[in-house]
Amino acid sequence: FKKAGGLAFKKGDFNEAVAQFTKAIEVDSKNVALYGNRSVAFLKLGDFTKAIEDAETCIKFDPSWAKGYVRKGNALLAKEDYGEAKDAYYEGYPHSD
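For the sequence shown, the working numbering begins at 56 and goes up steadily by one.
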């Protein structure tokens, strides 16, 4: 399902990407990359709330995974919540390599 989600994302079919990543999450519910991928797909669909929720799930499951903070920051930035976006980026910065 992860691969199918990635292929759908590359084709620009973000609804299908969300569907495939959701199926993958049902199989592997602790995989932060799946939530991160679905977060980006939600962001592309303009569903900032769900994008933020998935990013926060990434952070909850693996606080050291910098991409979770980036996903959250990007969704907040798209939502024009600049202060919160800045906070998310700064919170994740110590985890970047």
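Ideal Cβ positions, reconstructed from N, Cα and C, are used throughout, including at glycine.
{"query": "By Cβ distance, which residues of its chain are closer than 7 Å to F69, with the 5 residues on each side in sequence left out?", "result": "A96, K99, L100"}
{"query": "Give me the residue from A121, T104, P149 with the minimum Cα distance to L132.", "result": "T104"}
{"query": "Assuming G128 and I114 make a contact with CB atoms under 8 Å, what is their CB distance in whole Å?", "result": "G128 to I114, Cβ: 11 Å. No contact."}
{"query": "Determine the extent of the alpha helix (DSSP H) in which Y145 is found, giving its start and end residues.", "result": "137–147"}
{"query": "Do A121 and A106 have their beta-carbon atoms positioned less than 8 Å apart in this structure?", "result": "no"}
{"query": "State the DSSP-derived secondary structure class of D109, mapped to helix, strand or coil.", "result": "helix"}
{"query": "Might you give, ordered along the chain, the residues of its own chain that have their beta carbon closer than 6 Å to the beta carbon of Y90, omitting 5 neighbours on each side?", "result": "D109, T112, C113"}
{"query": "What is the DSSP secondary structure of F103, reduced to helix, strand or coil?", "result": "helix"}
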